[in-house]
Each structure stands twice: as C-alpha cells, then as structure tokens.
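The opening position of the sequence shown corresponds to residue -19 in the numbering used here, with each subsequent residue numbered one higher. In this text, a Cβ means the ideal position worked out from N, Cα and C, and glycines have one as well. So the structure is just underneath, and the comments pick up after that.
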Amino acid sequence: MSDKDANTETAEVGLIQRLLDGFHSLRHWLVTRLAFYSLRLYGLEDVTLGDVGDGSYSHQEHTDRKLENVEELDALVSASRECLDNANNRRAAITDKCKTLLTMSSLLMGIVGLLLPKAIAFDATWMRVVGFLAMLALMNTVTLLLIFFGVGRDCEVFLEQDDVDLDSENFKKSLINLYLRCQINIDNRTNYLVDLYKAARFFALLAFTVFVALFSINFLCNSPKDQTKRIIRELRSDPALIELLRGPKGDEGKKGKQGDPGLQGRAGPIGERGQDATFDEERIIKRLRNDPRLLEKIEEAARKQQVKPPSEEK
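Take a look at the structure:
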C-alpha cells in the first residue's frame, strides 16, 4: 500500500471517528437534559446538571475514621461490612422496582398502541392534544428507566499493595474505612437512582391517569350508535367514495318514446266574480306555457304544418 492510500484511509477513519464522537456527544447532551428537566418537573430542587451528567449525587462525602483508641476492631469490621451490604441490598431493591415499572410502562404503551385507532378516535381537538401529551409522558418514563439501567461509575473494595503490607491491626482499620468509603459512594449513586425512579413513576402515573380519563370521557359521551351514524353520514357525504362506487360513466343512451298522456286532473276551484276579480298576467302566461295539453297541441300543429298533402305539393 502506498503512502497516498494510507493517508486517504487514515483521513476516512478520522472523519468517521469525528462523526461518531459528535453523535455520542449529541446523544449524551439530549439524554442529560431530558433527565435533568424531568427531575426538576417532578419537584427536585437540589439536583444539578452536573449530578445528572455524573449519574450520582455528591451530597455525602467520606472522611476516614480515627481508630487509634478502638479496642474491638473485629466488631467495627463486621459493622462496616454490614453497612456496605445494606447499601448493596438497597440498590438491588430499587433496581427490582425499576424493572417492574419498565415492564408495566412497556405493556401500557403496547395496549395504548393497539387501542389508539379504535377507542381514541376523539372528535375534540383538546382530547387529541391531551392524549398526545400523555403518550409523550409515557415515552419519557421508558427513557428515564433506560437511563437508570445505563452503565455508570461505582465503588468496590480493592486492595492495593500498601494495604497488603500492613499488619493485622492496621489492615483492619484500613478495611473499615474502605468499607465505609464504598458505602458512601454507593449511597450517593443509589439516591440519584431513587430520584430517577420517582420521576419515572410520576410520569407513568400521570400518563395512566390521563388515558383512563380520556377513555372514560369517550365512553360516556359517545355511544356506539352515534359513532356508527356519524361514520355512515361521513361515508355518504364523501364524493370520492360515491364516485368510486358508481363506477365510470357510460355513453348516453338513445332517446325513448314519448309516453301516453296522463289522466285528466280534477277541476280547480271556482274563481272570483268578474267584477271583483283580479288577475296576474305573468302567472297566467306561465301556467299556459307549462300546460302539457297546450304543448301537445302546439307540437301537433307544428307537425301538420311540416307534412303537407300530395295534392298541395302539385
């Protein structure tokens, strides 16, 4: 491979790497802001954007205990180890709660997706807007829970060479402080995750309440008969559907024969006396024009005028 090809490949790799880094930074920025504003909407005022970015609080800080005058080091080692175990158990409990909430939120989103075309066909605009906001709240719940299960920094017990070289008494003292330091770090992250769980549960309950209210209003205000009538009325008034059902227009057919004259109608009421009566010329003329008997006589006279006898032609 020549130097030119190697430089081209290096430039392409560098461009792809910059694009991936930019996408990662944008995703981290969006997720961090979403979690921060969700926690603030829930009502947490002590949370900062830095805490959300770190995925842990910094409210508690560890300070090494002074153990020079302690006689029962074994009891303190057991107590500090129990504090660490309690912190881990607390983390496991809140993790199980988040798993349950994630399952319920995903199930609710699936049910809403199935029923959305049928039961949430709301006529009112405000109901559709509220339903859309509830769906966003439910999606925010799932997003917060996925942030909860994200990989973060945590503390664990780790022995260095300096700790191994200590004698038995000093090693126990170092182990006590190490347990307590890990317990403080785990509690800081667990407290942040607990607040994240509370915010996710708040948005899930809000979305569930809104959906139940919309279903109830739709069920009480709109009966199936009214919906059926409305659908039939819309179908009948749809010109595109009527034209589709009617099909293409055919050629104009031949003109049919004139039908037989109808029966003579009943005699009209007797008019007013001549000296007191008034008449409307326009009305009389209109009635004469629309009289089928007069029209028939006129057409018959016209045909007689057009067809002359042979004697007259000679």
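Distance between beta carbons of residue j and residue i, contact taken as under 8 Å
i           : j           : result
residue 177 : residue 37  : The Cβ separation is near 14 Å, so there is no contact.
residue 143 : residue 169 : Not really, about 24 Å apart at Cβ, beyond 8 Å.
residue 24  : residue 175 : 6 Å
residue 72  : residue 163 : Going by Cβ atoms, the distance from residue 72 to residue 163 rounds to 14 Å, so no, they are not a contact pair.
residue 113 : residue 15  : 19 Å between Cβ atoms; not a contact.
residue 19  : residue 193 : Not really, about 25 Å apart at Cβ, beyond 8 Å.
residue 128 : residue 78  : 5 Å
residue 12  : residue 0   : So it is not a contact: roughly 18 Å between Cβ atoms.
residue 35  : residue 132 : 4 Å
residue 167 : residue 40  : 6 Å
Sequence-distant residues of its chain with Cβ nearer than 6 Å to residue i (five each side left out)
i           : result
residue 161 : 42
residue 31  : 37
residue 278 : none
residue 89  : 118
residue 234 : none
residue 27  : 19
residue 165 : 135
residue 82  : 125
Sequence-distant residues of the same chain with beta carbon closer than 8 Å to residue i, five excluded per side
i           : result
residue 86  : 122
residue 146 : 154
residue 61  : 159
residue 284 : none
residue -7  : none
residue 74  : 170, 173, 174 and 177
Proximal residues to residue i (C-beta, below 7 Å), its chain only, five neighbours per side dropped
i           : result
residue 210 : none
residue 64  : 159, 162 and 163
residue 156 : 45, 47, 56, 57 and 60
residue 22  : 178, 179 and 182
residue 136 : 162
residue 50  : 56
residue 219 : none
residue 191 : 92 and 114
residue 196 : none
residue 272 : none
Query raised in the report: Counting pairs of Cβ atoms below 8 Å between the stretch 111 to 124 and the stretch 178 to 186, do you hit three or more?
Result: yes
Query - Runs of alpha helix (DSSP H) lying entirely within the stretch 113 to 194, each at least 4 residues, in chain order - result: 141 to 144
Requested in this report: Would you list, in sequence order, the uninterrupted alpha helix (DSSP H) runs of no fewer than 4 residues that lie entirely inside the stretch 47 to 94?
Outcome: None, since the stretch 47 to 94 contains no complete alpha helix (DSSP H) of that length.
Query raised in the report: Hey, is the stretch 88 to 97 in contact with the stretch 140 to 159, meaning 3+ C-beta pairs nearer than 8 Å?
Result: no
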